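In this note's numbering, the protein residues as written are 622 to 712.
Spelled out as structure tokens, the structure:
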């Protein structure tokens, strides 16, 4: 069993009294201190934010299914063609 890496970096955050109170309440209800609560929530948010920009790992079964989907011949998608031909709301 390997030992967990020691935490050596410090992150400081300023908050209003109301924000601090909310964080303290949420942390207490999760049986954590505010630092643990913020770190866990922040890491989860960071992973979610970066999920579409990272390397994806697939097991053999999922990789085979992915390759099969990529190798499948294209099929006409008339509704998609129509939508893509329409002028964008941003134009």
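Quick reminder that beta carbons are idealized off the backbone N, C-alpha and C, glycines included.
Owing to the predicted nature of the structure, the values given are computational and were not obtained by experimental measurement.
**Request:** Could you tell me whether the Cβ atoms of residue 658 and residue 666 are closer together than 7 Å?
**Result:** With respect to the 7 Å criterion, residue 658 and residue 666 are not classified as neighbours on the basis of their beta carbons.
**Prompt:** Do you know whose CA, among 639, 660, 651 and 642, lies nearest residue 633's CA?
**Reply:** A check of alpha carbon separations from residue 633 across 639, 660, 651 and 642 identifies 660 as the nearest.
**Request:** Tell me, to the nearest whole angstrom, how far the beta carbon of residue 636 is from that of residue 644; I am working on the premise that it is less than 8 Å.
**Result:** With a Cβ gap of about 7 Å, residue 636 and residue 644 count as contacting.
**Message:** Using the three-state DSSP reduction, which class does residue 669 fall into: helix, strand or coil?
**Reply:** The answer is helix: DSSP assigns residue 669 an H, G or I state.
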